[in-house]
Amino acid sequence: MADIEIEIDGNLVSAKAGEMLIAVTDREGISVPRFCYHKKLSVAANCRMCLVDVEGAPKPQPACSTPINEGMKVHTNNEKVKASQKAVMEFLLINHPLDCPICDQGGECELQDVAMDYGSDVSRFSEGKRVVVDGDIGPLIQTDMTRCIHCTRCVRFGAEIGGIMEMGGTGRGEDLKIEPFLAEGIQSELSGNMIDVCPVGALTSKPFRYELRTWQMNSVSNIARHDLTGSNIVTQTYKGRVKRIVAKDNDSVNETWISDRDRFSYEGLAHENRLLSPQIKVKGEWREVSWDEALEFAMRGLTDKVLNTGEANKLGALASNTATLEEFHLLQKLLREVGSENIDYRLNIKDLENTVTLESNIKLAGLEGVDHVLIIGSNPRLEQPMINHRLRKASLSGASIDVINVMAFDFNYQLNSENIVTPNQIAFMLAEVLKLILQASNAEIPEALSKIEASDTAKQLADRLLDADNSVIILGEHMVNNPQASSIAQLINEIAQQTNSTTLNISATANSMAGDLTEFVPGKKGLDANAMLATGLKAYILLDVYPHFDFHHPAQAIKALSKKDAFVISMNSFKDEAVAQYSDVMLPIASFYETSGSHINIEGKVQSFCASVSAPSDVKPAWKVLKVLADLLQLPGFHFANSMQVTSEISNQGHKQNVSNKKLDIKVKRSVNVIWQKSPYAVDALSRHASALQATKIGQMHSASMNKATAKKLEVAENDNYLGVPVSIRESVANNCVFVNTNKPIRGEL
Amino acid sequence: MISNQAKKQIDVWVAKYPIGRQSSAVMEALKIVQAENENRLSADIIQAVADYLDMPSIAAQEVATFYENYNHKSVGKHTIRICHNISCMLNGADDLVKYLEKKLGVKTGKVTKNGLVNVKKVECLGACVGAPMFQIGEQYYENLTKQKIDEIVDNLK
Ligand code: SF4
Ligand code: FES
Ligand code: FES
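These protein sequence lines map, in sequence, to chains A and B. With this note's numbering applied, the first sequence corresponds to residues 89 to 838, in that order. With this note's numbering applied, the second sequence corresponds to residues 7 to 163, in that order.
This is the structure in structure tokens:
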């Protein structure tokens, strides 16, 4: 749109025709008070606080809903404006309680600020005030609805961003109330953002209730590491504790929003289950010791067991995917320096010869501009909330979305088709699609595909990919242990190339991208995670590994690590029984927000962060521990004074995910496939210890879903235990498939 | 929860709106379903209507609580909807409300013991020329006097 000029308070300002006045004043730094306007939500224009004087208009106009015109003359601060603002303020305060001293929003309340600037000192209102009785809307959000000013930001957030309208305005006039349907509670995975958008103290953080005033806290920017977005956040701290987390704007990453997981997981930091002091095991007994002693013990263990005996290749390092870039780098460097390439962070994969390798070559912001999406094996809403948010935006602006999944999930946008396919048949289905696409361009059909007859479904999927100008194919976590995992990735890659689609690989989450970049994977002579445990090494260094949650076969892993002659150094933030059972040294390490480091998000963006708080008690950042351990082992090249120096040593040339060139396997098999998916709030140790998150519906997800036929085959009924998880029989699950979503430790194989 | 017959009636309304805008029929749908549920709506019913029209339950609840022609508590066989807005008020509506309450022996909002009648104060029904007025069922009664009220109310069965 063309640039036009308007005059605001006597100054000429250029802007785009059609923009709302408030967007222009905001950009120019001219303050216009507002309550209902929010830059990422639709315009409601119901609070009237933003009234300004437009020359020629008989009455003051709301800046949030007045589009600008060439030559418009606006006054934001004359007597007429001041009088209207004062009048509006007086009306807003009629029903608003004057309870700022006991309100959690005090000090960061838009109403309080605006009332200070524009309000009157004396109230002329002597009638009774409205009182609203509050219901409980869940463990995350505290309501005090008497304070609500009916701006409907929270209502619009649900309908427009969250994708489920959860809050609504019931009743009318004096009796209008903002509430969820019959207080059934709020369930969205993005619900915490309503706290951020609420301009008053009607919606506040429940875990933070009555804790502190905002001005008592320090605000430190940080990066959330739970998923592939690396959402920008502000951690608010007090006396060395993280007390609250709010979103930080970054349009290319998380816009203005963060997921509930990013917002509320900090509670885990103060959990009593934190590992607080270094411990060594002497004659089977745990003993608390000083760091010097513990590291000395660890160093001695390594030298005696493997280094002095010339068996460096009997040392292995395993890390969880939440490690920082620097931790990954230092641990692999340490291993390679002593001569071992047994390094791996891919602990949850059954067959590491058969993995999904696929490039991600689209930016987060780019996702909302695609016109077609094919999702394979993912429930993005709960697994990657911010990526899902971009997909929702794409969908709202007209993108068609096809899904191939093993069960039906609750998407918050319209799907073009939802194909529920048995895991063993997904490769075959993709092969059908590929064949059709090759046929469409008269390309040669490879041998492996020659005999395939394409189904109607495949035809529709192929047609839409061929028709689209700008499509993306997304590969999700549910495919990582598929018996044909690598073929699935190969097929997707081929289909994408043939149709000029981009690809997005969200099959490994948290900071896995950093694991790849730092080559935290076995070298040519090294063993992968499974091989290490199967051969049985003599010494291990484990970085924040919780076997019951991280390994695909916890029992086997624990058994291997518990072998008598294995010397195990465990670095953990939280205590864990199994870790205590197999380890010889336990070193307490800093958790999220207690250490500096970097996260790499899905688009390869390296986002570094400082520690917001120092780690509690005797806990140390893992990068320091690794550095000191390397020094004790007298390894060269570990002279780092801070984690930034580590970061700069890592060459960021991006990591190429080379698609496997193995023979395609598209045979349909008949066996039952179990897909193990940690429930969304159980993905890492920190979330698992965050009590409010755990109390939500999403936090409680714990079920093995399967259809009737599969249940019969496995001889289980509703609520029976299958692998320790209660069975839930649903026809929305593909045949021969068990989809386990659990927040509990896994015993036995999955 | 919603009878097949009601569904058919709702479908007629749904058909009047563009495809995908079925939720526009929510007002009529609530009215139809209310009629077959002793003239009142419950949470379950609202939920059922929302599900039938594929819309968020809270959005249906918003509509159901915004308009006063939906009842959320039990009502009598006949509801006397008496206007108390400006024109009617100036013409003595408040007195008539009191008179009705005394005559029936129940306060506004309550149902007579025999379950026959309840009185509800409503906003302007657009019949100011005939103020004061009330509505029973689909019928308007205008230029009310105490005497006229006696006649009308005594004839309610
Ligand atoms: S609860 Fe807050 S955000 Fe929602 S309408 Fe009320 S004041 Fe606005
Ligand atoms: S901000 Fe403009 S009317 Fe509310
Ligand atoms: S005021 Fe009573 S009908 Fe208009």
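Ideal Cβ positions, reconstructed from N, Cα and C, are used throughout, including at glycine. Source: prediction; values computed, not measured.
Taking 9 Å as the Cβ-Cβ cut-off, the segment 226–259 of chain A approaches chain B at Val243, Gly246, Ala247, Ile252, Met253, Glu254, Met255, Gly256, Gly257, Thr258, Gly259, given in chain order. Within the segment 62–85 of chain B, Pro62, Ser63, Ile64, Ala65, Gln67, Glu68, Thr71, Phe72 place their CB atoms closer than 7 Å to a CB of chain A, listed in sequence order.
Cα atoms of B/Thr118 and B/His84: separation of roughly 10 Å, rounded to the nearest angstrom.
The three-state secondary structure of A/Asp439, taken from DSSP, is coil.
Among the residues of chain A, those whose CB is under 7 Å from the CB of B/Ala49 are Leu270, following chain order. Not one heavy atom of ligand 1 lies closer than 7 Å to the C-beta of A/His687. Residue nearest to A/Gly685 within the set A/Gly692, A/Cys698, A/Glu607, A/Ser679 is A/Cys698 (criterion: CA-CA distance). If you check the C-beta of A/Leu563 against ligand 1, you find no heavy atom less than 7 Å away. The beta carbon of A/Phe728 sits closer than 6 Å to the beta carbons of Lys715, Val734 from its chain, once the five residues preceding and following it are set aside; these are given in chain order. Per DSSP, the continuous beta strand (DSSP E) segment holding A/Asp141 begins and ends at 139–142. Per DSSP, the beta bridge partners of A/Gly685 are A/Phe697.
Just so you know, the alpha carbons of A/Pro610 and A/Asn593 end up roughly 21 Å apart. Under DSSP, B/Arg87 shares a beta bridge with B/Lys126, B/Gln141. Taking 8 Å as the upper bound for CB-CB distance, A/Gly787 and A/Asn831 are in contact here, some 6 Å apart. In the displayed model, A/Lys336 falls within coil according to three-state DSSP, outside both helix and strand.
Between the C-alpha atoms of A/Glu520 and A/Glu535 there is a straight-line separation of about 13 Å. In this structure, DSSP gives A/Pro676 an extended state, which the three-state scheme calls strand. The residue among A/Leu554, A/Trp711, A/Asp91 with its C-alpha nearest the C-alpha of A/Asn730 is A/Trp711. With a cutoff of 7 Å, A/Met789 does not count as near ligand 2, since its C-beta is closer than that to no heavy atom of the ligand. For A/His163, the pairing in a beta bridge is given by DSSP as A/Asp141. Cβ contact annotation for B/Asn45 (same chain, cutoff 7 Å, sequence separation greater than five): Asn77, Val81, in chain order. The Cβ-Cβ distance between A/Ala598 and A/Asn409 falls below 8 Å. Taking 8 Å as the cut-off, the Cβ atoms of A/Gln230 and A/Thr302 do not count as close. Apart from the 5 residues on each side of it in sequence, A/Leu774 sits with its Cβ closer than 6 Å to the Cβ of Ser353, Gly356, Ser679, Phe680 in its chain, given in chain order. Ligand 2 never approaches A/Arg115 closely enough for any of its heavy atoms to be under 7 Å from the residue's Cβ. In this chain, the beta strand (DSSP E) harbouring A/Val656 covers 655–660. For A/Leu717, the enclosing alpha helix (DSSP H) stretches over residues 710–720. In the structure shown, B/Ser93 adopts helical secondary structure according to DSSP, grouped into three states. With 16 or more other Cβ atoms inside 10 Å of its own Cβ, A/Trp764 counts as buried. When secondary structure is reduced to three states using DSSP, A/Glu93 falls in the strand class. For A/Asp284, the number of other beta carbons within 10 angstroms of its own is at least 16, and it is reported as buried. In this structure, A/Pro150 has its CB closer than 7 Å to one or more heavy atoms of ligand 2.
In the three-state DSSP reduction, A/Asn588 falls in the coil class, being neither helix nor strand.
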